[in-house]
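Just below is one structure, and these are the notes that go with it.
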Amino acid sequence: MSFIYEGMSSAKEKIKSNFGNVKKSYEPILKIIDERWEGQLHRPLHAAAYYLNLHFHYDPNFKGDDADIKQGLYNCMGILVFDQTERNKISVQLPNFHYARGLFGMETAKSSRKTMLPAEWWDFYRDGCPELKKFTICVLSLTCSSSGCERNWSGFEMVNTKKRNRLHQKKMNDLVYVMYNLKLKSK
Numbered sequence: 011m012s013f014i015y016e017g018m019s020s021a022k023e024k025i026k027s028n029f030g031n032v033k034k035s036y037e038p039i040l041k042i043i044d045e046r047w048e049g050q051l052h053r054p055l056h057a058a059a060y061y062l063n064l065h066f067h068y069d070p071n072f073k074g075d076d077a078d079i080k081q082g083l084y085n086c087m088g089i090l091v092f093d094q095t096e097r098n099k100i101s102v103q104l105p106n107f108h109y110a111r112g113l114f115g116m117e118t119a120k121s122s123r124k125t126m127l128p129a130e131w132w133d134f135y136r137d138g139c140p141e142l143k144k145f146t147i148c149v150l151s152l153t154c155s156s157s158g159c160e161r162n163w164s165g166f167e168m169v170n171t172k173k174r175n176r177l178h179q180k181k182m183n184d185l186v187y188v189m190y191n192l193k194l195k196s197k
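Following my numbering, the numbering of the sequence shown begins with 11 at its first residue and continues without gaps.
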């Protein structure tokens, strides 16, 4: 999850350079990408994950001062952290991470930024920032899913796939009946 924001930015830059930075050439493609990005992918969670991902945060090209990223970070915090006092503590602890103070600035922490998984690194070097650690691990431990894009099958379509299309009528009716009742039971 925490690599999507940077991946989109890198992909756009690569497209621009592949078209020789001729705006007229790459603009229609970036328009399509931006429409999809804004409509489905650009969420506060992605911005927060980008900001908190140490693989990018300490990189010279990090865009952490971008208003959209910071807005996304605080919006995500507002959604995932219910307690205002805890959100305030996280806001106070964020500069320690940003400026690599305390354990965040230790040589071992710095050298393991690119070698450890972000959630593991946070679990190991988070001392002194328990609220920030909890929020960060919650964000960075999330994975991407394509389930929102997958086909929502009805009971009949689920049963009547190519693999099962040789079923006898009675058996197929029984299977549809079971699938339908399972869906009803789960609601």
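Even for Gly, the Cβ is constructed at its ideal location relative to N, Cα and C.
Can you tell me whether DSSP reads Val188 as helix, strand or coil?
Helix, per DSSP.
Thr146, enclosing alpha helix (DSSP H) - first and last residue:
It spans 140–150 - the alpha helix (DSSP H) in which Thr146 sits, taken as one unbroken run.
Residue from Leu62, Ser20, Ala57, Asp69 whose Cα sits closest to the Cα of Ala77
Ala57
From the DSSP output, in three-state form, read off Asn71 for me.
coil
Quick one: any contact between the region 134–142 and the region 84–101, if contact means 3 or more CB pairs under 8 Å?
yes
Whole angstroms are fine: how far does the CA of Arg46 sit from the CA of Leu40?
So the alpha carbons of these two residues sit roughly 10 Å apart.
Consult DSSP for Val91 and reduce its assignment to one of helix, strand or coil.
coil
Are there 16 or more other CB atoms within 10 angstroms of the CB of Thr146, so buried, or fewer, so exposed?
Classification for Thr146: buried.
Cut-off 7 Å between Cβ atoms - residues of its own chain near Phe114, not counting five sequence neighbours on either side
Asn106, Phe107, Tyr135
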